[in-house]
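Below, the structure is given as structure tokens:
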């Protein structure tokens with residue numbers, strides 16, 4: 007940088023009050039691409055839906071840019087954003103939906119075993135499905151797609167107990183929009199609910215490697231509040247098996263939502279109650295969600311992979327015996343083939359078939375027809391490590 | 007990257023299921039700026055319109071960021087986006103208007119003469135006007151500005167026949183919005199039109215170098231569908247002359263649109279038909295568009311350039327003899343001066359004058375007054391190759 | 007870059023008409039991180055508001071990306087944008103609110119003492135408060151937050167008289183939206199105001215270093231027009247004291263607004279006039295704004311800082327004796343503690359308390375209750391120099 011000029015063209019980053027430019031040493035410079043990673047996450051496919059009125063099209067399934075790195079041993083940062091989401095800020099956290107990560111990590115303490123991560127980050131939930139890079143995860147459960155608040159403002163404290171075991175505490179915003187925005191966007195009645203003054207939550211999680219890293223665990227418990235006096239709980243148990251040419255994960259979760267902000271089960275019950283007098287649509291209260299999801303990947307000959315995934319999800323309203331257990335089921339599976347022509351690069355040509363159905367039972371069955379989607383896709387994915 | 011820490015702060019890109027980080031070798035590292043290009047496309051000018059009610063202003067004409075490069079010999083990527091467009095995704099392709107390019111190219115076959123490009127990319131249309139970097143192209147024809155779907159999701163297969171001749175096939179989305187969005191945004195009547203299940207198109211193109219690269223050709227044919235059973239055709243013939251201090255291109259195009267989605271000629275006819283009973287505004291059917299555009303650039307003394315451009319475009323509705331041939335003409339030209347003070351850098355100070363008029367003839371002449379624009383601009387452009 | 011391939015995959019940046027890629031030399035390459043800076047501006051905190059109905063939350067206070075550098079000795083560029091603002095363009099300048107800087111600087115003349123900066127840039131206003139990098143400035147006056155048009159399209163000419171003194175002339179757009187958009191977004195009556203054909207302004211500014219750089223001055227005068235025949239004037243006097251472990255700035259400003267487009271004082275007067283017959287809300291005319299702001303920073307023990315800021319602002323309507331002088335006061339202060347654990351890096355852990363009140367006097371006092379905000383924040387900031 008030509009400092010003479012920066013001085014003469016002084017503006018809002020040139021204040022000498024807060025000297026902001028640190029010159030990296032020559033050795034740091036030579037290690038640029040070891041210290042810093044710039045990634046481009048890409049997936050595009052031709053999608054043909056069947057059994058729906060959607061038009062077939064070439065889709066940009068994934069396009070995200072990631073910049074991450076270690077500035078010095080104690081400090082690192084991570085930025086990742088999608089190229090296909092608005093950057094307008096959400097009402098509660100002042101961060102946009104486009105940004106997945108915008109955070110820094112400070113490592114401290116004995117042998118730097120502690121870390122603090124502040125800023126927008128991934129929810130520390132025990133889900134290998136969510137943990138997988140989105141480049142490679144073609145379709146998601148409702149648990150990841152709708153139920154979780156995936157990327158949120160938080161402060162995380164972590165401790166590495168041994169090389170194979172770590173624990174984290176993550177204090178986070180429950181939602182990214184404020185209470186009024188959430189209600190106004192659905193038009194739902196509030197039924198006496200009021201905003202919590204501290205709409206925060208806490209993830210407690212454990213990540214472990216067992217059996218020589220063949221079995222990897224990611225378990226979490228979450229407690230959160232959004233409406234005053236209404237508390238949500240969730241448990242997620244993620245297990246991964248990593249062998250030479252075979253990988254699999256099995257994630258199980260169960261959540262109690264005091265108020266159904268994800269709005270997965272509420273529409274069906276609102277449809278059912280609509281004909282009743284003096285009824286106004288609203289978020290259900292005291293709903294239970296459960297998910298089981300299994301994915302397997304197998305390299306059956308070099309460079310060729312079979313991938314398959316299946317999931318089963320339920321919504322239950324136990325306090326109402328008419329609606330009751332499993333009033334909504336969400337079932338999906340895919341099977342696909344991948345070809346990875348260049349050994350050193352994570353570029354794959356793929357073809358797969360996805361089937362998804364939502365079914366309604368008990369009292370809500372008559373007013374809510376089952377939903378079906380067949381989707382056939384052929385395309386390309388590539389996790390590009392630019393440097 | 008500090009892998010110990012990435013492990014302890016595990017999140018959605020750290021899965022060992024899909025190892026995603028490839029460490030470049032030292033030799034790759036030293037070649038970073040040979041492998042990768044980071045560009046900033048910039049043009050800003052003070053614009054004074056005359057003959058209109060617009061306010062004069064300093065404009066940000068162009069601000070785009072481009073990141074492109076070869077990861078290995080077989081694989082390259084390209085990202086380019088505008089800093090002044092929304093990143094909200096379009097309804098059909100899930101990609102935003104801000105993104106011009108988000109694609110990867112895989113080269114394969116004997117001597118790597120074949121390539122596959124997937125993702126958002128430029129339409130492979132035989133137009134040197136569109137092919138010119140937008141940093142340098144001050145004003146466009148309606149052909150480029152409105153008629154073409156410039157940047158679209160596609161899968162392209164190309165073959166390099168000889169060093170001087172190549173052919174491409176590009177399967178692409180016809181439009182980036184879905185059928186219903188296109189009609190809803192205009193409020194036009196559908197007149198029985200229904201969405202195609204496969205609203206795709208195909209470009210077939212040839213690029214050639216003749217006469218020791220002095221004459222460069224870019225010819226294309228396009229066939230596409232958007233409404234069911236309605237097929238569009240277009241031919242574009244681009245010719246470029248490249249001499250020492252003189253360049254010119256002459257592009258000719260003719261297109262038959264079964265439905266006038268670009269909505270260039272329809273407003274005039276809708277205005278004309280408005281007084282008729284039982285008339286609802288709609289997209290015209292069976293419209294023909296033609297364009298001729300010539301640009302010349304001449305370095306008359308070292309570092310000083312004269313640039314001039316002229317275009318003539320017509321819209322015709324032959325099946326209706328009252329409206330008929332050339333019912334709309336769009337005529338424009340500019341003349342300007344450029345000064346390039348630093349030989350090694352594509353930075354130019356410029357001044358130019360642009361005149362544009364749209365004229366209406368035949369039956370629609372009375373209801374559609376001619377439009378005129380005079381624009382005087384003084385400014386700076388710079389194609390910055392950061393590294 | 008593999009030029010063979012770029013040729014075969016020709017598209018809109020590959021035209022040989024305008025050869026756009028300059029290969030840096032090996033020596034330039036080795037100096038990449040000396041020539042180019044990539045920065046990530048970050049601040050996040052847990053904020054608890056008191057005395058308001060707002061919800062507490064973890065906030066993304068700042069997230070901006072900056073890329074800036076010298077391409078050659080004569081030419082540099084600067085891009086900075088926020089990750090939490092929309093990229094949709096404004097109506098007058100075609101640039102989005104998300105972009106702070108998108109400009110180039112060309113240095114010329116004897117010893118390169120002259121420069122021209124074109125594009126979106128910071129207003130050259132004599133305000134050390136605004137000049138401070140936003141990473142480090144927790145809360146702002148209404149002067150910076152609302153009254154100024156901070157980032158605008160402009161052409162700036164500067165001259166470095168001596169190493170310690172420089173002068174700048176900056177011709178700029180008065181506002182980023184056009185006249186009609188400004189009125190339509192408020193719904194205010196125009197009261198006969200018409201758009202200026204040249205809604206431009208001019209900053210004249212001096213930056214100086216005195217007393218061995220211990221005293222730094224930034225003085226500016228501004229004249230601007232937006233409505234036809236209505237001219238605004240402003241003077242800003244910024245003084246900064248830079249000692250070893252103590253910094254302070256004192257900024258004073260006074261502005262006469264022929265029309266109150268910033269809309270700071272107008273709502274109070276509109277509330278007051280609302281009951282009168284035949285009244286329509288509008289922008290006040292002939293309003294005066296004054297601001298005094300003082301910030302001090304003191305490193306009281308190594309790595310620990312005390313920071314405090316106070317400001318006092320008034321709005322006056324002198325032509326109306328009932329509303330009169332100082333009819334609105336805006337008063338604020340904060341006090342905070344910062345800890346900077348890593349000497350070489352501008353990362354700080356902070357806690358602070360901010361109080362802000364707006365009070366109304368004279369005729370408008372009864373219809374405008376005083377506003378109060380208490381805000382307690384604990385968080386992290388980091389100006390990351392990636393390379």
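Chains as they are written, first to last, in our numbering: chain A, 7 to 393; chain B, 7 to 393; chain C, 7 to 393.
Beta carbons are placed, not taken as given, at the ideal position from N, Cα and C, and that holds for glycine.
Bear in mind the structure is a predicted one, so any value in this text is a computation, not a measurement.
Item	Value
is_contact[residue 200 (chain B), chain C] using C-beta, thresh 8 Å	no
Contact between the region 289–296 of chain A and the region 259–268 of chain A (3+ Cβ pairs under 8 Å)	yes
Residue 389 (chain C) - DSSP class collapsed to helix/strand/coil	strand
Simplified DSSP state of residue 144 (chain A), which is helix, strand or coil	coil
Contact between the region 119–132 of chain A and the region 154–164 of chain A (3+ Cβ pairs under 8 Å)	yes
Close beta carbons around residue 257 (chain A), own chain, < 6 Å, minus the five adjacent residues each side	133, 134, 135, 244 and 299
Contact set between the region 177–192 of chain C and chain B, restricted to residues whose Cβ is under 8 Å from the partner	177, 178, 179, 184 and 185
Residues bridged to residue 259 (chain A) [DSSP beta-bridge criterion]	A:242 and A:297
Residue 226 (chain B) burial status per 10 Å Cβ neighbour count (16 or more: buried)	buried
Supposed close pair residue 392 (chain B), residue 46 (chain B) - CB separation, criterion 8 Å	6 Å
Below-8 Å beta-carbon distance, residue 314 (chain B) vs any chain C residue	no
Contact with chain B by residue 357 (chain A), beta-carbon distance below 8 Å	no
Distance, residue 95 (chain C) Cα to residue 103 (chain C) Cα	7 Å
Selected residue, minimal CA-CA separation from residue 228 (chain C), among C:221, C:166, C:189 and C:156	C:156
Within 8 Å, strictly: CB atoms of residue 137 (chain A) and residue 224 (chain A)	yes
C-beta contact flag for residue 360 (chain C) and residue 144 (chain C) at 8 Å	yes
For residue 139 (chain B), the nearest candidate out of B:86, B:349 and B:347 (CA to CA)	B:86
Buried or exposed (CB count within 10 angstroms, at least 16 for buried), residue 288 (chain C)	buried
Contact belief for residue 320 (chain A) with residue 334 (chain A) at Cβ below 8 Å, rounded distance in angstroms	7 Å
Interface flag, residue 324 (chain A) vs chain B, CB-CB below 8 Å	no
For residue 66 (chain B), the nearest candidate out of B:88, B:77, B:73 and B:80 (CA to CA)	B:88
Residue 386 (chain A) beta carbon less than 8 Å from that of residue 110 (chain B)	yes
Residue from A:68, A:78 and A:71 with nearest C-alpha to residue 40 (chain A)	A:78
Closer than 8 Å at the beta carbon, the chain B residues around residue 100 (chain C)	65, 66, 67 and 90
Segment contact flag, the region 207–217 of chain B with the region 171–186 of chain B, C-beta cutoff 8 Å, min 3 pairs	yes
Under the three-state DSSP convention, the category residue 188 (chain C) falls into	helix
DSSP three-state assignment for residue 54 (chain A), whether helix, strand or coil	strand
Residues that DSSP places opposite residue 284 (chain A) in a beta bridge	None, per the DSSP bridge assignment.
Cβ-based neighbour list, residue 99 (chain B), same chain, cut-off 6 Å, excluding 5 preceding and 5 following	159, 179 and 182
Chain B within 8 Å of residue 242 (chain A), Cβ atoms only	no
Cβ distance (whole Å) where residue 187 (chain A) is taken to contact residue 97 (chain A) below 8 Å	4 Å
Residue 341 (chain B) at chain C interface by Cβ criterion, 8 Å	no
Neighbour list for residue 124 (chain A) in chain B, Cβ cutoff strictly below 7 Å	Within chain B, no residue comes near residue 124 (chain A); the closest Cβ sits about 12 Å away, beyond 7 Å.
Partner residues on chain B for residue 159 (chain C), Cβ-Cβ distance less than 8 Å	50, 63, 64, 65 and 66
Min CB distance residue 104 (chain B) to chain C below 8 Å	yes
Proximal residues of chain B, C-beta to C-beta of residue 388 (chain A) below 8 Å	81, 83 and 110
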